[in-house]
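Going line by line, the protein sequences match chains A and B.
If you want my numbering, it's the position in the first sequence, counting the first as 1, plus 7.
If you want my numbering, it's the position in the second sequence, counting the first as 1, plus 7.
Data first, discussion second: the structure below is written as structure tokens.
Number of protein chains: 2
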Amino acid sequence: MVTIKDIARESGYSVSTVSRVLNHRNDVSPDAKKRIEEVVAEYHFVPNNNAKHLKQSNSKSIGVLVKGISNMLFASIVEEIQRMIEKTDYTVVVSYLDEDDDEVEQALLLCRERKPLGLLFLGGNPEYFKKGFAMVDLPCVLVTNLADKMDFSNLSSVATDDVAAAKCAVDALFEAGHQKIGILGGDIEKSYTSHLRFEGCLESFREHGRPFFPELCYEKARFSYGSAYRGMERLIRKYPDLTAVFAMSDVMAIGAIRALRDMDYRIPEDISVIGFDGTDLAEYYNPKLATIKQQYQTLATRSVEILFGQIELKKDRVHEIVPFEFVSGESIQKI
Amino acid sequence: MVTIKDIARESGYSVSTVSRVLNHRNDVSPDAKKRIEEVVAEYHFVPNNNAKHLKQSNSKSIGVLVKGISNMLFASIVEEIQRMIEKTDYTVVVSYLDEDDDEVEQALLLCRERKPLGLLFLGGNPEYFKKGFAMVDLPCVLVTNLADKMDFSNLSSVATDDVAAAKCAVDALFEAGHQKIGILGGDIEKSYTSHLRFEGCLESFREHGRPFFPELCYEKARFSYGSAYRGMERLIRKYPDLTAVFAMSDVMAIGAIRALRDMDYRIPEDISVIGFDGTDLAEYYNPKLATIKQQYQTLATRSVEILFGQIELKKDRVHEIVPFEFVSGESIQKI
DNA sequence: TCCATTTTTGTGAACTTTTACAAAAAAACC
DNA sequence: GGTTTTTTTGTAAAAGTTCACAAAAATGGA
């Protein structure tokens, strides 16, 4: 392997001068710079990252923990994050975990093994962080969940206002004249997102003067097609005179619609459905799905910007809300 | 930071004995092993990867290049690959590139910067490899494209037989009685996958005694909803008496269906559609999409296994075909 | 007990880079 | 020209591991 020593020998300068050129220092003569750059190009030399980071005791990597592996929105956000970080000299280490894995434990593991300079957390429950997060004293951004109640000085967050957004979804159903509305979401004990959206639902029910019986019209399922399918079956069985359903993700909405159709309900004539996330899928689905659009690009870019702000510029923590948007579709019918 | 020296001092043994325990060597006494493991646990010590890899001049990382960023099948495969590699002591570096980026250049860049021990290539065109791949003399597996014609000794591949699978899709349309069949795929000049599937289409047309006019019934688009939507519009305009369409991905099929519906065609009554990939989406779409199911899990696991075989066991290159499956749906009507 | 083996442990060099510090060279001043 | 200042360069230590080799300890046989 060609090392900095080879470049030094070949260019006639010392190792440290080569290092200076490599790191774009300005305390080196134009002559030396030119000659060394020639040799570097000739030998296709690229410095060894391990040696570099060993000396600087700096991994230049950032960890991404994704909780909820089949979440399409997360997939889009992760992709965007990767694209952004790729442009810098950082590496990204992505770790996927199941909806019910212990995120804090995984985070600690990741930190011990890879020693990242910062952490990006998709879908984690801020409440859990109390448990053991103080241990990993790293800049960290919680993406898609607001952590403004947490008092870790290095924990930022970027998220959609889930309460308001879910309320907006259910409001839309009430405004279309629906009275018997079912909710299909995650486990509010485990998923903080589900918990918040549930709160939003409650608010809407309250505001519309409707009592809400969670045990009756809240059905929990995982955020996947199949699980939503089965959840919808249970929900409609318990509550057969439903005229509308709010599903807490587009994927769930689609699973629910398939279940309803298989039971010969027509969408939206018999039952209206609204989803959440606003992925491409919602727009192309049949019927075009009414949904709440989250700005996944903004979520991704802001979280990376904030994290780098904390790591490199020692900026303060930030809690940022990214606006959402109601997207009308063909899956809601006025009654 | 706690280092191996601290553990050595604290346990009363030397650095090298600690190192031996850490690497599960068996030339160390049970006493020492026990004592050292205690101290390691107490201090939550994890060896510094940079130092380790520097000494071993071994990055223990594998690079994944993904060409075609919005390909849902690739997303699933990558996820699966990440999950597999996560269990080993390797790191994975994923690099996404656009459908029309230059993959070889990107591969070389990745190799120079990260020095991975092997490469996994999703959606690359084997033809391009001639250009500059010999330079990066690394074990490499082309996933979803067969490279049995390439004679690089360290280039393996795992793929679905695209020719046969596409033929199977078009056969299904012919067998349902269709005569005027349109094809919606990628650019056969640039996308090798599209090229192969196009060949499969040709074979089917030939076998059914039908002439095939690519300029008439082959419409090229990118593998995304929106692009397929516009492609379908053009296709139906050029060829208005179409009764069936084969779209080269499920996403494209769905984009096409939306375009057709917007022009008041009914699916499948007026036009039958068959997709490709067999993602969950196809099963839950409305109408349930007929498609060709690729075994994405097998593709992922086999490619990782083969790559590790080449890296660690110095095994020979392998070209492996993973079987596909025809999945019937509601989007095809017999006539 | 002594010697030959085997098992266990320690020493110190090596991996490649960065960087503090020192030294040399060049420039600027009188 | 001599002195000071600035610019440019080199030397050598350091980062945290692994590993070849040597040394020490334990074991076995006689």
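Every residue, glycine too, gets a C-beta built ideally from N, C-alpha and C.
| Query | Result |
| --- | --- |
| Reduced DSSP secondary structure (H/G/I, E/B, other) of A:H60 | helix |
| Residues of the segment 250-277 of chain B whose Cβ lies closer than 9 Å to any Cβ of chain A, in chain order | V258, I261, G262, I264, R265, R268, I274 |
| Nearest-angstrom Cβ-Cβ length linking A:I299 and A:A172, presumed shorter than 8 Å | 5 Å |
| Minimum Cβ-Cβ distance from A:E93 to chain B less than 9 Å | yes |
| Helix, strand or coil at A:H215 according to DSSP, with G and I counted as helix | coil |
| CB contact flag (B:Q317, B:G125, <9 Å) | yes |
| Residue span of the alpha helix (DSSP H) that contains B:A82, given as start and end | 79-93 |
| Cβ pair B:F81, B:L149 closer than 9 Å | no |
| Entirely enclosed beta strand (DSSP E) segments - the segment 236-284 of chain A, minimum 3 residues | 251-254, 279-281 |
| DSSP beta-bridge partners of A:S68 | A:T98 |
| For A:A331, the residue or residues it bridges with in DSSP | Looking at the sequence provided, one finds Phe at residue 331 of chain A rather than Ala. DSSP output for A:F331 lists A:Q301 as bridge partner(s). |
| Beta carbon proximity, B:K74 to chain A, threshold 9 Å | no |
| Rounded C-alpha distance that separates B:S26 from A:D323 | 40 Å |
| Boundaries of the alpha helix (DSSP H) in which A:E49 is found, first to last residue | 37-50 |
| Beta-carbon proximity of A:P247 to A:I274, cut-off 9 Å | no |
| Coil, strand or helix - B:Y103 by DSSP | strand |
| Where the alpha helix (DSSP H) through A:I190 begins and ends | Looking at the DSSP string, A:I190 is not in any alpha helix (DSSP H); the run it does join, the beta strand (DSSP E), is 188-192. |
| Contacts that B:Q89 makes with chain A (C-beta to C-beta distance below 7 Å) | V101, Y103 |
| B:S18: first and last residue of the uninterrupted alpha helix (DSSP H) it sits in | 11-18 |
| Alpha carbon of B:S211 to alpha carbon of A:E196, nearest angstrom | 54 Å |
| Nearest to B:L314 (by Cα), restricted to the options B:S68, B:S18, B:V46 | B:S68 |
| Which residues DSSP lists as bridging A:F128, in chain order | A:L72, A:L149 |
| Residues within the segment 282-296 of chain A neighbouring chain B, beta-carbon criterion of under 9 Å | D287, L288, E290, Y291, Y292, N293, P294, K295 |
| Beta-carbon gap between B:I261 and B:Y303 smaller than 9 Å | no |
| B:S66 versus A:T151: straight-line alpha-carbon distance, rounded | 33 Å |
| Residue-level contact to chain A via CB, B:M239, 9 Å cutoff | no |
| Test item: CB-CB of A:P133 and A:S102 under 9 Å | no |
| Unbroken beta strand (DSSP E) run spanning A:Y292, endpoints | Looking at the DSSP string, A:Y292 is not in any beta strand (DSSP E), and its letter there is neither H nor E. |
| Inter-stretch contact (C-beta, 8 Å, three-pair minimum) for the segment 52-67 of chain A and the segment 271-289 of chain A | no |
| Spatial neighbours of B:G238 in its chain, beta-carbon cut-off 6 Å, leaving aside the 5 residues before and after | L191, E226, A228 |
| Boundaries (first-last residue) of the beta strand (DSSP E) holding A:K227 | 225-227 |
| Assigned secondary structure, A:H202 (DSSP; H/G/I helix, E/B strand, else coil) | helix |
| Simplified DSSP state of B:S164, which is helix, strand or coil | strand |
| Contacts of A:R119 in chain B (Cβ-Cβ under 7 Å) | H51, V53 |
| Cutoff 9 Å: B:A183 Cβ touching any chain A Cβ | no |
| Beta-carbon neighbours of A:M344, restricted to chain B and to distances below 8 Å | Beyond the ends of chain A as shown, which are 8 and 342, falls residue 344 of chain A; an answer cannot be given. |
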